[in-house]
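>
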Amino acid sequence: MSAPFEPGRFRPLYRISHDSFEPDFVEKTASFVKQHHLLSGTTLNARFSGTEGFSIALTRSGVPRLKTSFPLFHEFLEKTTPDRANAFFINPLCINQGAHVAPHVDRSLNTWTRPELPPFPIKVSVLYLDVADDLEGGTLLLYPPLMAFHRKPRITPQT
């Protein structure tokens, strides 16, 4: 039996890409998210105080419906996900002024899976759509498996 894939072991843990999407796409997507009827206050715990968002979970067979219902998210997936991916979780999150996201382990996919078979994403993509020029804080810290005591990568939000 082979060992499970360990992020960061055989390839870089993360990659930052600037200008992956045209500014028009970013602006349209930000506007779409902010005005969408599904956007609502968090139902999560206090670690997401003051945030708003919604979630879309789908398998490969749901991609055509995503293209029809959420064409901008479809374009994002087409550009960022590997062909071998078979499940997707899209989670737009608005962190309004004064709101925050505290350190946490992301267990978003656990809701849709069996407890004895926790999901293991092969890739996670984060797209910052609208970042205030005067942002204070907001750094994304990565805590990779098996590296808990090593230096943690820090990613500063930028649009």
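Counting in this note's numbering, the sequence shown runs from 16 upward without gaps.
All C-beta atoms in this analysis are idealised placements derived from N, C-alpha and C, irrespective of residue type, glycine included.
(1) Can you grab the Cα-Cα spacing for the pair A102 / V141, in whole Å?
(2) Quick one: Cα of H115 to Cα of L87, how far?
(3) Give me the DSSP bridge partner(s) of I105.
(4) Please tell me whether I71 and I105 are closer than 9 Å, where the distance is taken between their beta carbons.
(5) Should S64 and A117 be called a contact, given that it needs their Cβ atoms to be closer than 9 Å?
(6) Go to F47, then tell me how far its alpha helix (DSSP H) extends in each direction, as first and last residue.
(7) Taking the CB atoms as reference points, tell me whether V146 and G153 lie closer together than 9 Å.
(8) Going by DSSP, name the residue or residues bridged to I110.
(9) Identify whether L155 lies in helix, strand or coil by the three-state DSSP scheme.
To lay it out plainly:
(1) 16 Å
(2) 26 Å
(3) I71
(4) yes
(5) yes
(6) P38 to Q50
(7) yes
(8) T66
(9) strand
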